[in-house]
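Chains Z and Y, in that order, give the protein sequences. Its first residue numbered 9, the first sequence is counted upward by one per residue in our numbering. Its first residue numbered 16, the second sequence is counted upward by one per residue in our numbering. From the three backbone atoms N, C-alpha and C, an ideal C-beta is built for every residue, glycine too. Notes follow the structure.
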Amino acid sequence: EEQLVESGGGLVQPGGSLSLSCAASGFTFSSHWMSWVRQAPGKGLEWVANIKEDGREKYYVDSVKGRFTISRDNAKNSLYLQMNSLRAEDMAVYYCARDLPHRGGYFPHYHYYYYMDVWGKGTTVTVSS
Amino acid sequence: DIQMTQSPSSLSASVGDRVTITCRASQGIGNYLVWFQQKPGKAPKSLIYAASSLQSGVPSKFSGSGSGTDFTLTISSLQPEDFATYYCQQYYSYPLTFGGGTKVEIK
Numbered sequence: 009e010e011q012l013v014e015s016g017g018g019l020v021q022p023g024g025s026l027s028l029s030c031a032a033s034g035f036t037f038s039s040h041w042m043s044w045v046r047q048a049p050g051k052g053l054e055w056v057a058n059i060k061e062d063g064r065e066k067y068y069v070d071s072v073k074g075r076f077t078i079s080r081d082n083a084k085n086s087l088y089l090q091m092n093s094l095r096a097e098d099m100a101v102y103y104c105a106r107d108l109p110h111r112g113g114y115f116p117h118y119h120y121y122y123y124m125d126v127w128g129k130g131t132t133v134t135v136s137s
Numbered sequence: 016d017i018q019m020t021q022s023p024s025s026l027s028a029s030v031g032d033r034v035t036i037t038c039r040a041s042q043g044i045g046n047y048l049v050w051f052q053q054k055p056g057k058a059p060k061s062l063i064y065a066a067s068s069l070q071s072g073v074p075s076k077f078s079g080s081g082s083g084t085d086f087t088l089t090i091s092s093l094q095p096e097d098f099a100t101y102y103c104q105q106y107y108s109y110p111l112t113f114g115g116g117t118k119v120e121i122k
């Protein structure tokens, strides 16, 4: 069974740091892009970042650029999110998700777009003094 | 950034009703759209990808349509387990963006 389990959430003061982890099992982790998505209390979903299979491409939402870093360790089947300079507005449940490719374009100029299918249960980050 | 607008933001429906939720993108996104279902306290679940392709294991009462800027999610016959919040999300360009959600409640 494909499974993602997040950990590392907790209470942190504004300006502090926290590192989240996501352990993957039941699929070939190294063959998939991976994402982090967050949900503030009572709010909707917000994509945070994603990372290519080999870690060489990374994308971020503007609000976390320069503060958050997504990374992965394929040998450990693990995804990470290092969060620095945390703000009250970063308080949320953080989910990791597996990305699947959707091929677009026409031969030979294919391009791949990635959507999230399997999600973890999330880990809660609270930012408060 | 591409803005995704869902309507309605909430609706009340009865068991057995046919329900349609609309999602509009601020610019064309082809068919690079996914629909999620989320129940309280749970992670989102993928229902539809590529605007109209049913995710494996999802019942056929769910269907999606549309391309470009206008998309719909339809539940053909609402069941008690379908009461939840539904989100659309575009994956055509970064940053990936979600609609604000549609909460489906029991009438």
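Buried versus exposed, by CB contacts within 10 Å (16 or more), Z/R106: buried
Start and end residues, beta strand (DSSP E) containing Z/H117: H117 to W127
Distance between Z/V101 and Z/T132 (C-alpha atoms, nearest Å): 4 angstroms
7 angstroms CB neighbourhood of Y/Y64 in its chain, flanking five on each side removed: V49 and Q70
Test: Z/Y88 CB closer than 8 angstroms to a CB of chain Y: no
Endpoints, the beta strand (DSSP E) within which Z/H110 is located: A100 to Y114
Under 9 angstroms from the C-beta of Z/K129: neighbouring residues of chain Y: K57 and A58
Within chain Y, partners of Z/V69 - CB distance below 7 angstroms: P110
Euclidean distance between Cα positions of Z/N85 and Z/F37: 6 angstroms
Same chain only: Cβ atoms within 6 angstroms of Y/I44, ignoring 5 sequence neighbours per side: Q105 and Y107
Rounded C-alpha distance that separates Y/L22 from Y/I36: Sequence check: residue 22 of chain Y is Ser here, not Leu. Taking the straight line joining both Cα atoms gives about 6 angstroms.
CB contact check: Z/G18 to chain Y, cutoff 8 angstroms: no
Presumed contact (8 angstroms Cβ cut-off) between Y/S92 and Y/K118, rounded CB distance: Actually they do not touch by this definition, with Cβ atoms about 19 angstroms apart.
Below-8 angstroms beta-carbon distance, Y/F113 vs any chain Z residue: yes
8 angstroms contact criterion, which Z/L53 and Y/Y101 should meet: CB distance rounded: Contact flag wrong, Cβ pair sits at about 11 angstroms.
Contact with chain Y by Z/G112, beta-carbon distance below 8 angstroms: yes
The beta strand (DSSP E) enclosing Z/L89, as first and last residue numbers: S86 to M91
C-beta atoms of Y/F51 and Y/K60 nearer than 8 angstroms: yes
Y/A66 (DSSP reduced to helix, strand or coil): coil
One or two residues paired with Y/A99 in a DSSP bridge: In DSSP, Y/A99 forms no bridge with anything.
Cβ pair Z/E9, Z/G34 closer than 8 angstroms: yes
Cα-Cα separation between Z/R80 and Z/G63, rounded to whole angstroms: 7 angstroms
Z/A96 classed as buried or exposed, judged by whether at least 16 other C-beta atoms fall within 10 angstroms: exposed
Against chain Z: residues of the region 66-97 of chain Y by CB proximity under 7 angstroms: Q70
Z/E54 - containing beta strand (DSSP E), residue span: L53 to I59
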